[in-house]
Amino acid sequence: MKILYAIQGTGNGHLSRALEIIPILQQKGAVDLLVSGIQGDLKLPYHVKYQLKGLSFIFGKKGGVDIWNTYRKNRMKRLYKEIKSVPVQEYDLIINDFEPVTAWACAMAHKNCYGLSHQSAVLHPLAPKPLKEDWLGLKILKQYAPCSFSFGFHFKAFDDYIFTPVIRSEIRQIQPEKLAHYTVYLPSYSDKKLLKLFSSFPDFKFEIFSKHFKKASATYNIIIRPVNNEDFVKSLSTCSGVICGAGFETPAEALFLKKKLLVVPMKGQFEQQCNAAMLKTMGITVLKNLKKKSCHAIEKWLLKDEIIEVNFPDETEAIIDRLIAIAQKDLKFPATPPEIV
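Using the working numbering, you'd call the opening residue of the sequence shown number -5 and step up by one each time.
This is the structure we're talking about:
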């Protein structure tokens, strides 16, 4: 069986999940990899046959998406050429982790494309949604990488095709400790903002991971480090708690390691707002933003224990086997192009 596994390359979460999925897929057939997107810090230790620009959201420095830079760096003419360039008809099975180029190439070619992503779970009717409606955010998420049939990952397994997170083997093998520091990863905020905020809690130590720093730097109660997987995993495994955006992989890994968790969803990022809604139902502290009035809520969180018990079993191969079984049976899921609105 010839398999094309298409992965969203923006951020690190999709690529981290791919590290667990790729070796399993290689046992099932001949696998080619496609990665599209920018702003990822993780490099796959596998040959990537198709490396594309794709369609990426650019992080700002004020807690949200930088709309101007997102528009400037995404060229629609180039995207269309990339969509036409992917030879989807050459593959027996196409698996897609929220990757738009391959999804739209399959839609245009009337070829089945099987979603295997967190976003598939976020879109599920039973998944919690933010109280404030965001019809545009929902529409973008639905149209971004449409698939014929989807398997989804979320913080809870609430339906037959929704599963708990894929936790990296590197994280599963850790024996966590509890030292004094708190691990902070909020890439959509400026370093200046984060340093000012966390220096106002002098009785606590913070390790801030930044996309802008080239080498580690220390102040009285803060160490700020460049984003590096080895350093981040070490910090995560030994911290007293984690303060991060409402993405998927970092909160999932923090919960798996039984770390106290506080999340700040990115402004204008519908998926993170949905993640925050789910985490809130689980008892996780969620902040709307990092304004001055947030200090009281942060201090309250720092002073109390808030460990949430979760069960994230290692069932990745069983999930892939189910997906392949569905694809091989050819259940005739519609592969017509979705309506463009």
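Using N, Cα and C, we set each Cβ at its ideal position, and we do this for glycine too. As the structure is a computational prediction, the values presented were derived from the model and not from experiment.
- Between G235 and N269, the C-beta spacing is not below 8 Å.
- In the three-state reduction of the DSSP assignment, V236 falls in the strand class.
- The stretch 98 to 140 is shown to contain whole beta strand (DSSP E) runs of 3 or more residues at 108 to 111, in chain order.
- Here the alpha carbons of Q113 and P122 stand approximately 13 Å from one another.
- S204: member of the beta strand (DSSP E) spanning 199 to 204, first to last residue.
- In the three-state reduction of the DSSP assignment, N90 falls in the strand class, which pools E and B.
- Of the residues T232, S194, N222, the one whose Cα lies closest to the Cα of K209 is N222.
- Measuring C-alpha to C-alpha distances from Y44 to each of K37, L38, S30 identifies S30 as the nearest.
- Here the alpha carbons of S194 and G48 stand approximately 40 Å from one another.
- Apart from the 5 residues on each side of it in sequence, T232 sits with its Cβ closer than 6 Å to the Cβ of E171, L173 in its chain, given in chain order.
- Between the stretch 258 to 265 and the stretch 211 to 220, the count of Cβ pairs shorter than 8 Å is below three; the stretches do not touch.
- Residue environment analysis places A24 among the exposed positions, since fewer than 16 neighbouring C-beta atoms fall within 10 angstroms of its C-beta.
- For Q2, the number of other beta carbons within 10 angstroms of its own is at least 16, and it is reported as buried.
- For Q322, the uninterrupted alpha helix (DSSP H) segment begins and ends at 310 to 323.
- P196 counts as exposed, since fewer than 16 other beta carbons sit within 10 angstroms of its beta carbon.
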